[in-house]
Amino acid sequence: SAGRVEDETENGLRVYDPGFQNTAVARSSITYINGDEGILHYRGYPIEELAENSSYLEVAYLLIYGELPTPTQFAHFEHEVMHHTFAHTKLTELMQTFNYDAHPMVSLHHLHPFLPNPSVTISADFTRLLPPQGCFITGIAAMSTFHPEANPALQGADVFTNNPQILNKQIFRLLGKSPTLAAHAYRHRIGRPANSPQNGLSYTENFLYMLDRLSEREYKPNKQLARALDILFILHAGELRLGGRWEENWGSEVGVFQMTDFASCSPNVCSVTNVDHELNCSTAAMRHIGSSRVDPYSAVAGASAALYGPLHGGANEAVLRMLERIGSAENVGSFLGEVKARRTKLFGFGHRIYKNYDPRARIVRKVAYDVFDIVGREPLIEVAIELERAALADEYFVSRKLYPNVDYWSGLIYKAMGFPTDMFPVLFAIPRVSGWLAHWKESLEEKDAKIWRPRQIYVGPPRRSFVPLSHRE
Ligand code: ACO
112 SAGRVEDETE
122 NGLRVYDPGF
132 QNTAVARSSI
142 TYINGDEGIL
152 HYRGYPIEEL
162 AENSSYLEVA
172 YLLIYGELPT
182 PTQFAHFEHE
192 VMHHTFAHTK
202 LTELMQTFNY
212 DAHPMVSLHH
222 LHPFLPNPSV
232 TISADFTRLL
242 PPQGCFITGI
252 AAMSTFHPEA
262 NPALQGADVF
272 TNNPQILNKQ
282 IFRLLGKSPT
292 LAAHAYRHRI
302 GRPANSPQNG
312 LSYTENFLYM
322 LDRLSEREYK
332 PNKQLARALD
342 ILFILHAGEL
352 RLGGRWEENW
362 GSEVGVFQMT
372 DFASCSPNVC
382 SVTNVDHELN
392 CSTAAMRHIG
402 SSRVDPYSAV
412 AGASAALYGP
422 LHGGANEAVL
432 RMLERIGSAE
442 NVGSFLGEVK
452 ARRTKLFGFG
462 HRIYKNYDPR
472 ARIVRKVAYD
482 VFDIVGREPL
492 IEVAIELERA
502 ALADEYFVSR
512 KLYPNVDYWS
522 GLIYKAMGFP
532 TDMFPVLFAI
542 PRVSGWLAHW
552 KESLEEKDAK
562 IWRPRQIYVG
572 PPRRSFVPLS
582 HRE
């Protein structure tokens, strides 16, 4: 069982700890979490103070370099990142080669209530296009082919520790191009050409611009919807105490404003967003892959792939598909029966660290209601409410300390806001890139750095002799 010390006489003692539930595999000074008390610090700074006062790039700098930047350092960092936002034309072309099945006309408006003109249509089957996460992962991985100076196989294993400029260049590129590739993946997903980034916009504005370029037509997202997206990004960072801010500062004001206002009203959009949550599955994957000293593009692609899974960052997408499958509130009982019979999971419930009601989920639940007031009540909300009520009253879930996590409600909001379901994990990935890079850089600097190579407990057959094929029955 987990935690049991196996006595292997030949090979010494080993701890059997499936899923690393109780094994520390790194010393890290990046993120501190206390799940019981709801504490989350980046480099010692409470996330509340960062969310209130800083911006995404400032927090990215803090995570990666260990200290808040001086004005000069920040200006240089921002300049470098923003001058690495263009994706090579060949990279864009590569992403556009992914499968795109033509299908009878689908109203884009159904998928994107931000759009002012419901008559805009597009020829695409949204259920059969390549999921944007795959497009994003491939784009990131392909970056390694454009930057051979970042390949330790060619340049030597200590290329980054010997050359801070080369190290920093890869950080600038990955931070700069991640939103660009994500926006390209989204544009391809909705059957539209890619938008290039534009000079003079902030990091966040650029992302929104590339999603839906203002110059194409007037684009007026609802203010409250924009706020909801903002708070979701912040919550994904692991923010625990933003309920007050939502109530105090934002209330339930409904209005329409230009997309450019989005970033200025909300410096934290995609900002102190989703940046790090210590050794979660994808960050552990980043450190694990990076420990072989592979190039950082391959490692970030691997981390993005880990994030995509339904037990991790793909959970919000899985929640949506689960609710659609349940269909209506009266089917909740039989679905929970399936969960208890272990035929499926209750997605959006449970967390390795939070063994109580994830406080982020409470806030997202409220945001969901606010959003539905504007875009109309998402029919699946009734299913979600009944499912949550029934699970929280069920001894099976209570005894296992299974409560809604942040992803339980966020998928419904993204859906109501018009994002395709399979875009959710990409929204999650963009700001998480800075956390992955912080861990990658920290692991390069470890004095006792080792390749990650867990041990196993062999439980297969003992030695036996080979039987030729002709002698086997
Ligand atoms: N549905 C049904 N049963 C569950 C669930 C669930 N969502 N989560 C845990 N359990 C059960 C397990 O089967 C286990 O039962 P048992 O002791 O009878 O065998 C018990 O609760 C303990 O669960 P573990 O699997 O040991 O918990 P662990 O910490 O390993 O897993 C995880 C955490 C992966 C998040 C899990 O709760 C899960 O799969 N949840 C659903 C997916 C999800 O919402 N993930 C998002 C997490 S947040 C994020 O990554 C951004």
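For what it's worth, full-length UniProt numbering labels the leading residue of the sequence shown as 112, then goes sequentially. Ideal Cβ placement from N, Cα and C applies to all residues, glycine included.
Sort out for me which residues DSSP pairs residue i with in a bridge.
{"i": "THR142", "result": "TYR153"}
{"i": "GLY311", "result": "Answer by DSSP bridge pairing: none, since GLY311 is not bridged."}
Which class does residue i belong to by DSSP, given the choice of helix, strand or coil?
{"i": "HIS220", "result": "Reliability fails at HIS220, whose pLDDT of 33 lies under 50, so the model's placement of it is uncertain and the value that follows must be treated cautiously. In the structure shown, HIS220 sits in a helix (DSSP, three-state: H, G or I)."}
{"i": "ARG284", "result": "helix"}
{"i": "ARG356", "result": "Unreliable positioning characterises ARG356 in this predicted model, as indicated by a pLDDT of 29, which lies under 50. The coordinate reading is nonetheless provided below. Three-state result, ARG356: helix."}
{"i": "PHE460", "result": "strand"}
{"i": "PRO515", "result": "strand"}
{"i": "ILE345", "result": "Only weak support is given to the placement of ILE345: the predicted model assigns it a pLDDT of 48, under 50, and the value that follows is read from those uncertain coordinates. The answer is helix: DSSP assigns ILE345 an H, G or I state."}
{"i": "ALA560", "result": "coil"}
{"i": "ALA568", "result": "The residue asked about is misnamed: residue 568 is Ile in this sequence, not Ala. DSSP places ILE568 in coil when its eight states are reduced to three."}
{"i": "TYR320", "result": "helix"}
{"i": "TYR176", "result": "helix"}
{"i": "THR208", "result": "coil"}
{"i": "ASP406", "result": "coil"}
{"i": "PHE257", "result": "helix"}
{"i": "LEU278", "result": "helix"}
{"i": "VAL386", "result": "coil"}
{"i": "SER166", "result": "coil"}
{"i": "GLY245", "result": "helix"}
{"i": "ARG294", "result": "Looking at the sequence itself, residue 294 is Ala, so the reference to Arg does not match. Three-state DSSP puts ALA294 in a helix."}
{"i": "ALA263", "result": "Reading the sequence as shown, one finds Pro at residue 263 and not Ala. Here PRO263 sits in helix by DSSP."}
{"i": "ARG306", "result": "One detail in the question is off: residue 306 reads as Asn in this sequence, not Arg. Looking at ASN306 - three-state DSSP - the assignment turns out to be coil, as it is neither helix nor strand."}
{"i": "HIS199", "result": "coil"}
{"i": "GLU148", "result": "coil"}
{"i": "VAL411", "result": "helix"}
{"i": "ARG300", "result": "helix"}
Among residues of its own chain, excluding the 5 on either side of residue i, which ones have a beta-carbon nearer than 8 angstroms to its beta-carbon?
{"i": "THR196", "result": "GLY287, LYS288, PRO290, THR291, PRO308 and ASN317"}
{"i": "PRO157", "result": "ILE150 and LEU151"}
{"i": "ILE141", "result": "TYR153, ARG154, LEU174, ASP387, GLU389, GLY546, ALA549, HIS550 and GLU553"}
{"i": "PHE577", "result": "none"}
{"i": "PRO265", "result": "According to the sequence displayed, residue 265 carries Leu and not Pro. So the qualifying residues of the chain are PRO259."}
{"i": "GLY425", "result": "GLN244, LEU418, TYR419, PHE535 and PRO536"}
Under 6 angstroms Cβ to Cβ from residue i, same chain only, skipping five residues before and after it: list those, please.
{"i": "LEU513", "result": "PHE460 and GLY461"}
{"i": "HIS258", "result": "none"}
{"i": "GLN281", "result": "ALA261 and PRO407"}
{"i": "GLY146", "result": "ILE464 and TYR465"}
{"i": "THR532", "result": "GLU428 and LEU431"}
{"i": "PRO378", "result": "With a pLDDT of only 31 at PRO378, under the threshold of 50, the placement of this residue in the model should not be trusted; the figure read from the coordinates follows. Excluding positions up to five away in sequence, the list reads SER166."}
{"i": "GLU584", "result": "none"}
{"i": "PRO421", "result": "ALA429"}
{"i": "ALA452", "result": "none"}
{"i": "ALA540", "result": "SER415 and LEU418"}
{"i": "residue 94", "result": "No answer is possible for residue 94: it lies beyond the span of the chain, which begins at 112 and ends at 584."}
{"i": "MET254", "result": "TYR408"}
In terms of residues, what are the limits of the alpha helix (DSSP H) holding residue i?
{"i": "VAL509", "result": "506–510"}
{"i": "GLU191", "result": "182–193"}
{"i": "LEU580", "result": "Taken as a continuous stretch (DSSP letters only), LEU580 belongs to no alpha helix (DSSP H), as it is neither H nor E."}
{"i": "LYS451", "result": "443–451"}
{"i": "residue 71", "result": "Outside the shown range of the chain, which is 112 to 584, sits residue 71, and nothing can be said about it."}
{"i": "residue 73", "result": "For residue 73 there is no data in the structure shown, the boundaries of the chain being 112 and 584."}
{"i": "PRO421", "result": "Segment: none, PRO421 is in no alpha helix (DSSP H) and carries neither H nor E."}
{"i": "ARG436", "result": "426–437"}
{"i": "ALA268", "result": "Careful: ALA268 lies outside any alpha helix (DSSP H) and carries neither H nor E."}
{"i": "GLU553", "result": "535–555"}
{"i": "ALA395", "result": "392–401"}
Just confirm the distance between the C-beta atoms of residue i and residue j, as a whole number of angstroms; I'd bet it's less than 8 angstroms.
{"i": "SER545", "j": "ALA171", "result": "4 angstroms"}
{"i": "HIS295", "j": "ALA395", "result": "Not really, about 28 angstroms apart at Cβ, beyond 8 angstroms."}
{"i": "LEU491", "j": "GLU435", "result": "7 angstroms"}
{"i": "ALA479", "j": "TRP520", "result": "5 angstroms"}
{"i": "ALA305", "j": "ALA412", "result": "Wrong, their Cβ atoms sit about 19 angstroms apart, outside the cutoff."}
{"i": "ILE562", "j": "SER403", "result": "6 angstroms"}
Within a Cβ cutoff of 7 angstroms, which residues of the same chain sit near residue i, ignoring the five residues on either side of it in sequence?
{"i": "ARG356", "result": "Here the model assigns ARG356 a pLDDT of 29, short of 50, so the residue's position is not dependable, and the following value carries that caveat. Counting only Cβ-Cβ distances below 7 angstroms, and skipping sequence neighbours, we find nothing."}
{"i": "GLU497", "result": "ALA440 and VAL443"}
{"i": "LEU447", "result": "ALA501, ALA502 and ASP505"}
{"i": "LEU168", "result": "PHE188, GLU189, VAL192 and TYR314"}
{"i": "CYS246", "result": "MET206, PHE209, ALA296 and HIS299"}
{"i": "THR272", "result": "LEU555"}
{"i": "LEU312", "result": "TYR320"}
{"i": "PRO242", "result": "ASP533"}
Flag residue i as yes if its beta-carbon sits less than 8 angstroms from any beta-carbon of chain C, otherwise no.
{"i": "VAL443", "result": "Given the protein chain composition of this structure (a single chain), no chain C is represented."}
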